[in-house]
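In this note's numbering, the protein residues as written are 1 to 229.
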């Protein structure tokens, strides 16, 4: 009976905490939904809510839905920044984003998308091949077959330096092999057909171990992986 009473007290306390967190961060959810739906949001609104999202970090909140909503807002705020037009605002947004995704990873280290986002932010500030390779390795390890995340990683790979690609060699080849062997060519090719000169050699190398039938499907869709320049 005593144990049951203690359990009830703990349950009620946890429920109260959940309600408090929902009340504090509740406005992030509809904004995140608008952003995910592609609706336009003003710069002032994004700036204000990015600061609210930052309090997820300072308060060390780890509730997954709150962290995800905050991440959506943070990424939208980063996307609108222009380093050339307002360097200080860009630098502040990058610092906030870095802090946020370090926290998000501490809460959910198995989320491959969060590792990718941290890598993208770090690369935008300064490309350190070994560090970026370690982040991307975690992203691949945690999300090896999620097509949306793989395509987002290709945006990273396609803009990475030769040094970063070399440091992340096994991760790069893993993503390429997964795409060529298991991906839907007609969904994937529009996103990755403009393969950069640094990335092309990895496609040619991996293509040697992929069946001719699968390569033919990609060629029909517009990507001749074995013959990239």
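Using N, Cα and C, we set each Cβ at its ideal position, and we do this for glycine too. It should be emphasised that the depicted structure is a prediction, and the values quoted were computed from it without experimental measurement.
- Shown here for residue 206: same chain residues with a beta carbon closer than 8 Å to its own, the five before and five after excluded, namely 173, 176, 177, 180, 225 in chain order.
- One thing to note: residue 113 has its Cβ no nearer than 8 Å to the Cβ of residue 66.
- For residue 57, the enclosing alpha helix (DSSP H) begins and ends at 43 to 58.
- The criterion of a C-beta distance shorter than 8 Å is satisfied by residue 111 and residue 142.
- For the pair residue 127 and residue 161, the CB atoms are nearer than the 8 Å cut-off.
- Between the stretch 96 to 111 and the stretch 53 to 62, the count of C-beta pairs closer than 8 Å reaches three or more; the two stretches touch.
- Take the alpha-carbon of residue 186 and the one of residue 58: they are about 43 Å apart.
- Two segments are said to touch when three or more pairs of C-beta atoms, one from each, lie closer than 8 Å; by this definition the stretch 33 to 50 touches the stretch 69 to 80.
- For residue 136, the enclosing alpha helix (DSSP H) has its first and last residue at 129 to 142.
- The Cβ-Cβ distance between residue 222 and residue 195 does not fall below 8 Å.
- DSSP, read as helix, strand or coil, puts residue 193 in coil.
- Sequence-distant Cβ neighbours of residue 182 in its own chain, meaning closer than 8 Å and more than five residues away, are 145.
- Separation of residue 86 and residue 96 (C-alpha to C-alpha, rounded to the nearest whole angstrom) is 16 Å.
- Looking from the CA of residue 229, the closest CA among 212, 200, 211, 219 belongs to 200.
- One alpha carbon belongs to residue 101, the other to residue 38, and they sit about 22 Å apart.
- A straight line joining the alpha-carbon of residue 140 with that of residue 171 spans about 6 Å.
- For residue 224, there is no enclosing alpha helix (DSSP H), as DSSP marks it with neither H nor E.
- Of the candidates 166, 121, 79, 121 places its Cα closest to the Cα of residue 98.
- DSSP assignment within the stretch 145 to 198 yields the following whole alpha helix (DSSP H) runs of 4 residues or more, N-terminal first: 147 to 159, 162 to 167, 169 to 182, 185 to 192.
- If you ignore the 5 residues before and after residue 210, its C-beta comes within less than 8 Å of the C-beta of 177, 180, 181, 225, all in its own chain and listed in chain order.
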